[in-house]
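Going line by line, the protein sequences match chains A and B.
Sequential numbering from 384 applies to the first sequence in my numbering.
Sequential numbering from 384 applies to the second sequence in my numbering.
We put the beta carbon where it would ideally sit given N, CA and C, even for glycine.
One structure below.
Number of protein chains: 2
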Amino acid sequence: MPRPDPAELYELTEDGQIRSPTQTHSASQYVDGRTIDWLQEEAVERERTNSQRAQHGVRGLLLPWFDAARMWLVVILIGIGIGVTGGWLDVLVKWLGDLREGRCSYGFFYNQVACCSGVKPGEACTDWRTWSEFFGVGPAPAQALLQSFVYVSLAVAFAGSAAVLVKTYAPYAFHTGIPEIKAILGGYVLTAFLTPWTLLIKALGLALAVASGLSLGKEGPLVHVACCMAYLLSRFFKQFRNSEAQQRKLLAAAAAAGVSVAFGSPLGGVLFGLEELDTFANESEVMWRGFVASAVAAVSLQWVNPFGTSKLVLFQVTNASDTWRAFELIPWLTLGVIGGILGSVLIKLNVEIALYRRNSALNEWPIVEVIGVSAITAAISYLVVFSRVQASELVANLFQECDPTKIDYHGLCNPTAMWENVFLLILTAAIKVLLTAWTFGMMIPAGIFLPTIAIGACLGRAVGLLTQGLQRAYPTAWIFLSCPPDPSVRCVSPGFYAVIGASAMLGGVTRMTISLVVILFELTGALSHVLPIMISVMTSKWVGDAFGKDGGIYAVWIAMRGYPWLPPVDFEDKGDTGAQLMRPLERLVVIEDEQDTVLSLDGMLNDHDFHGFPVVRRQEFLGFVTRDKLRLALAPLLCEDSERRKRCFFSSQTSSPDEQVDFSSLLEEAVLQLRQEVPKELVVNMFQKMNLRQIIFTTGGKLRGMVTKSDVVKLLTCNFPHSGALGSGARRSWA
Amino acid sequence: MPRPDPAELYELTEDGQIRSPTQTHSASQYVDGRTIDWLQEEAVERERTNSQRAQHGVRGLLLPWFDAARMWLVVILIGIGIGVTGGWLDVLVKWLGDLREGRCSYGFFYNQVACCSGVKPGEACTDWRTWSEFFGVGPAPAQALLQSFVYVSLAVAFAGSAAVLVKTYAPYAFHTGIPEIKAILGGYVLTAFLTPWTLLIKALGLALAVASGLSLGKEGPLVHVACCMAYLLSRFFKQFRNSEAQQRKLLAAAAAAGVSVAFGSPLGGVLFGLEELDTFANESEVMWRGFVASAVAAVSLQWVNPFGTSKLVLFQVTNASDTWRAFELIPWLTLGVIGGILGSVLIKLNVEIALYRRNSALNEWPIVEVIGVSAITAAISYLVVFSRVQASELVANLFQECDPTKIDYHGLCNPTAMWENVFLLILTAAIKVLLTAWTFGMMIPAGIFLPTIAIGACLGRAVGLLTQGLQRAYPTAWIFLSCPPDPSVRCVSPGFYAVIGASAMLGGVTRMTISLVVILFELTGALSHVLPIMISVMTSKWVGDAFGKDGGIYAVWIAMRGYPWLPPVDFEDKGDTGAQLMRPLERLVVIEDEQDTVLSLDGMLNDHDFHGFPVVRRQEFLGFVTRDKLRLALAPLLCEDSERRKRCFFSSQTSSPDEQVDFSSLLEEAVLQLRQEVPKELVVNMFQKMNLRQIIFTTGGKLRGMVTKSDVVKLLTCNFPHSGALGSGARRSWA
């Protein structure tokens, strides 16, 4: 890393004074791969608001108000931005998807629904032409050949161009983005992940990837897009530009808005932020912003109205019987168990594939991989009837109850074809598990939610069909006595079993609980069935956790990438204390007050990559100095020979300041200190709850050791076998 | 308080050894009014699980498993218990309520619905007889007189007997219980609040109070009942009996289950625990238990099926149009503002009445007050048509859209009587505000949710009627152009405005956000309207907070009672440090190592009521000794004259142990220490997040001062004018 010119870091303040770098604390002080110091950030923010309030007269009253107004403006803009973007992405995806089958005769840029919107119900739509009609191909085999050729080649073209875009312009735009966002919200610095360029490529690539028919969803990437927007907007305001902590609070709200738009689930967005991103626990104010951003985003999405239904509910469950019977608990619990097991299997499979990809020739040929997988996916999709349509359409159909007045989707409602349907559904699920495990991690934007829902819906519908078949075959068995005696009245609703299956599968893969339940019933509108959904999510999480305490697919990817993220697990020590966790004094690099010279300090900075150094005087702990502050203070002194050999003092009570360099302004004295006898559990707990970067251990004022966030992360992820397997090798840099 | 006999506190362990009181840490060590030490509790729990795991062979494997099994057993039993209790309470209330109007001819213990269940639709029910029919009173005026006489006198009898029960047997069974539960979950010890006696009286008194028709709800008290049940169940298992922290984790799950049953809202229960009780932030495990307890409770309630509908949704919203128009945002935002203002007014009114009650003669005559208010309430209820029925029935009717096929509730759907209806609705709301402000705090079990919903629903329906009237009067105005042109199609749904009004009012009174939204749509089933509900809750919270940062009615009551509860507010200091917050060394009572004698320590214990004392040697901080441990250790020594003058040493490195008493086992060394330069904000933050009881401030190992939880509570509640106004005068006891 090139050393920054210190002059660049001096900054002209609004009142024309030059602020020294030890006073200012701009966001630029952090480089990618570091972890921000929340306590420090909060202190700077506190100082800023206090200086505002201290201003005389109206200024002192208005400045804080302007601050709040700007913040709410940004939150509302984020909501509107992601709502509108999400809506238009849906329109784009629909158009691209339809393009694989044909085009509108009177305008290239109309999708099938828009093209046929002028047609009265009952009439055939002649404006929309399939490619074979458009090119005037006559014979049926040639038609089929042309259609499937265009279908597969456009799929490959979409996926390939998405991969090229990502690979060339914004490598961080690949994958879901949730693991990175979790790490960033926890304090990790990864500016490259949030650039406008990433925003553009991720949005565009996402539309292409979804339209290509690969086994992926748009949910996670939309959250990423929302966060990029928030970052971009925050750059326009000094109050956010200068504070990484304030930026992160905006990002949290943006993430909630992203989920809100992805699922049409404003409440689910807030809860996702609460449960999965684990950010709102810190401040109710942040949750509140997430709430507002989420609501605004949902209103904006409804205003864009991409599906022309003016509804937020994506997969409306209709006709499901309102009551449920006790015997149904058996298939539902079964689905929960299947979801838990299959979720674990999917995670493990995904990890193995990711490791294989990293260590094989595929690592060098990501675009070829995407093209190959998209070709295979498109080909298989043509063969297996249920996967020919977009996953979202499949899910919508599986969630639908059979209704004689509506079109029967691929004979799913034909009672005589039960076994064929069950076989096909299970086959589809199995294929989707394999494809998803491979797709999630390729060089394209890809979410895991929708494929998981599709897999679960297939299995759930299969179990539902089996239960229904059993009930119809033995309507008088004692277990089915609670069913209505009239055989024409439906007792078992297989469509609702698909919802249960989807919840169970999602529970197994993500290990989320409340937010999942809320998202699912905002997604389906099946409020009266909240209890069965809760029960299946509960069961699948239990079973999944029993198969491996990996904490869901996002936590696994965070561990594989080696991000410094503290999983919110309840750590239990075995009687250990902080002394066992800390890096003892002998292994610490410390600054000796009034002993170290300018030159020796510079050498220390070059030798060690640590974020900061404790300052001691004869073992007595004085305070903490961060690397960046020290480097900035040393830079001007290194040029003058007379200064280079001078000793430096950090404590303010020193007696001989004349021949020494005064670094006392660098020293942070308000550092958390604990005794080393404190239980390890408490130390871990403090890191988890207080967002700390380090804790100093002292006894009677003497430095004993230090624990950094990275030590705690290592401790908590040590039982996961592939920690850091996908990391960039720079794992130590945030230590 | 009588001093406990130390011998009683010695305990025979399972392996037959006598455990010294310094090793054991039974729950009985805490007396009411103290705050538990979470860190200490966690340490004991950790020791216990470690000793279990250390057991040889199968025992070491099975013991932790048994622990978990017992815990889940208790959680599930709590869920079943409160579900069944809640269901049966509903049945009891229905019966008592119907009894005010008549009785079943073939059985005294049937309510009206059960009595008429055999009657075919369309036929008149002759088995249910009003009192005038039963007594064979002929003339209409005499009938009305008899009916109203029985109505009012039974109301007074119910309310009076509830008050007598509460006053005589369980004073803690009065009021809602939520403030106390919040304090208890935060660590406050109030065993009297959770006794089986309180459980019985609260449940019985609640049924009587609700049936009496007073302006109160069953929601908060049901949470209290659930917590009492959890406490009772936990007493059967040693692992909970001996650990206040484990008990509290069970109580949190029970509270979630209580809300789940009260509103038929399993998800709302979990979120209530998350947001309002602020307990799950600590451990995901606890949230998980709340989830399970909540789901089990809802299933049990559905199994009891008190309303015979086999539905959880209490106030089903039907026929509401699925789409909404942009202009409707204006009345909805108006409702949000009204809710925020009126919520604040209700809180302030309630506070003033509570203070007046405390300082006037009413304080001595609680039962007379209840009887008087119930008589007034019953009389007014008879006069104002909308309040004659139970509040829950009123709400259900206000939430209902007009439907020509159904009975028109008191002419609410008559378009020509709009102004009369609006006037009546506003009058009802105003009366209910006054009655509720008075009732909430009397000597009976009383919840605030249902009355608040009723007030909000009246106002919302009124605004809805006005909007509808405006739209019908000017259907061609540009603002109403989005309405369907056909005037017979409904454009504005006043029933849904009632839901919005209820949300806004609840938001203003409780200042909850997400959990409120979830509870409301689990209550109404109006999932497609989640956005308007969110917007109104948002607005009313904003407006309410602008009128006073009191944090809702529960926080106000906690402050008035002076419980040591830390509000989860974002505290911002003005550049202050811990030094300004702490009680400095000069004002601390400390133990001097090797200086204090047995006698002087005993004198210190008698003079000062503090929970614990720092131990120092020449200003150097050695550790912390709790009052209870010290008292137990001193007790046997005080009897012998030779021991009483001996000096005591606490530090283990002392050189002359012979002539001194060894108290080193009492010393807690793993105490949190900070420097006094740490920002005040951080200190407050640590108390809020880590559940601490005290923080010691040291510099270079020297004791500088101490901050206790009570100091922080005082700091955070200092801007509320009536802090501790209803306290028992023992406010200092938990310091």
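query: For Ala761 of chain B versus Val539 of chain B, is the C-beta spacing smaller than 8 Å?
result: In this structure, Ala761 of chain B sits near Val539 of chain B, with a CB-CB distance shorter than 8 Å.
query: If you follow the alpha helix (DSSP H) that Leu475 of chain A is part of, which residue opens it and which one closes it?
result: Gly440 to Leu482
task: Pull up the CB-CB distance for Val608 of chain A and Leu582 of chain A, whole angstroms please, since I reckon it's below 8 Å.
output: 6 Å
message: Taking CB distances under 8 Å as the criterion, tell me whether Asn433 of chain A reaches chain B.
response: yes
Complete alpha helix (DSSP H) runs within the region 768-819 of chain A (minimum length 4 residues, chain order): 774-782
Exposure of Asn733 of chain A, with buried meaning 16 or more beta-carbon neighbours within 10 Å: buried
message: Would Arg1058 of chain A pass as an interface residue toward chain B - the criterion being a Cβ-Cβ separation below 8 Å?
response: Flagged as an interface residue toward chain B: Arg1058 of chain A, by a C-beta distance shorter than 8 Å.
- prompt: Between B:Asn804, B:Gly596 and B:Gly719, which lies nearest to Pro834 of chain B when the distance is taken from Cα to Cα?
  reply: B:Gly596
field: Whether Lys565 of chain A touches Ile936 of chain A by CB criterion (8 Å)
entry: no
- prompt: From the DSSP output, which residues share a beta bridge with Trp511 of chain B?
  reply: B:Cys487
message: Looking at Gly830 of chain B: is its Cβ nearer than 8 Å to the Cβ of Gly600 of chain B?
response: Yes, the Cβ-Cβ distance between Gly830 of chain B and Gly600 of chain B is below 8 Å.
message: If the cut-off is 8 Å on Cβ atoms, which residues from the region 1060-1082 of chain A count as contacting chain B, listed in chain order?
response: Correct list: Glu1060, Val1061, Pro1062, Glu1064, Leu1065, Asn1068, Met1069, Lys1072, Met1073, Thr1081 and Thr1082.
Beta-carbon contacts of Val675 of chain B that lie in its chain and below 6 Å, excluding the five residues immediately before and after: Val458
- request: Return the CA-CA distance between Ala837 of chain B and Leu729 of chain B, expressed in angstroms with no decimal places.
  value: 13 Å
query: Taking just the CA atoms, how far does Thr822 of chain A sit from Ser764 of chain A?
result: 14 Å
field: Residue-chain proximity (Leu1099 of chain A, chain B), Cβ-Cβ < 8 Å
entry: no
query: Comparing the C-beta of Phe674 of chain A with each C-beta of chain B, is any distance below 8 Å?
result: yes
- request: With 8 Å as the C-beta to C-beta threshold (strictly closer), list the residues of the region 963-981 of chain A near chain B in chain order.
  value: none
query: Mind listing which residues of the region 892-922 of chain B have their C-beta closer than 8 Å to chain A's C-betas, in chain order?
result: Thr896, Ile897, Val900, Val901, Phe904, Glu905, Gly908, Leu910, Ser911, Val913, Leu914, Met917, Ile918 and Met921
query: Thinking C-beta only, is Leu589 of chain B closer than 8 Å to Tyr614 of chain B?
result: no
message: Can you find the residues in the same chain that come closer than 7 Å, C-beta to C-beta, to Leu745 of chain B, ignoring five residues on each side of it along the sequence?
response: Glu752
field: Residue closest to Pro714 of chain A, alpha-carbon to alpha-carbon, out of A:Leu849, A:Thr893, A:Leu808 and A:Gly641
entry: Residue nearest to Pro714 of chain A within the set A:Leu849, A:Thr893, A:Leu808 and A:Gly641 is A:Leu849 (criterion: CA-CA distance).
- prompt: Are the C-beta of Gly958 of chain B and some C-beta of chain A separated by less than 8 Å?
  reply: yes
task: Please check if any C-beta of chain A sits within less than 8 Å of the C-beta of Arg1087 of chain B.
output: no
field: Three-state secondary structure assigned by DSSP to His558 of chain B
entry: strand
CB contact below 8 Å: Leu718 of chain A versus chain B: For Leu718 of chain A, the answer is no, since every Cβ of chain B falls outside 8 Å of its Cβ.
CA-to-CA distance, Leu1099 of chain B to Glu1026 of chain B, given in whole angstroms: 45 Å
- prompt: When the Cα of Gly722 of chain A is compared with those of A:Ala929, A:Val772 and A:Val768, which residue comes out closest?
  reply: A:Ala929
message: Please report whether the beta-carbon of Leu1055 of chain A lies at a distance below 8 Å from any beta-carbon of chain B.
response: It does: the Cβ of Leu1055 of chain A has a partner Cβ on chain B nearer than 8 Å.
heavy atom of the ligand NAD below 7 Å from Ala887 of chain A C-beta: Only the bare structure without any ligand can be found here, which leaves the ligand NAD out of the picture.
field: Anticipated Cβ contact below 8 Å, Gly570 of chain B with Asn1074 of chain B, distance rounded
entry: Contact holds; Cβ gap of about 6 Å.
- prompt: From Glu668 of chain B to Ile561 of chain B, what distance separates their C-alpha atoms?
  reply: 22 Å
message: I'd like the span of the beta strand (DSSP E) that includes Arg1087 of chain B, first residue to last.
response: Lys1085 to Thr1091
message: Less than 8 Å between the beta carbons of Leu808 of chain B and Cys841 of chain B, yes or no?
response: Yes.
- prompt: If we count the other Cβ atoms within 10 Å of its Cβ and call it buried at 16 or more, is Leu445 of chain A buried or exposed?
  reply: exposed
field: Check whether Trp511 of chain B and Cys498 of chain B have beta carbons under 8 Å apart
entry: yes
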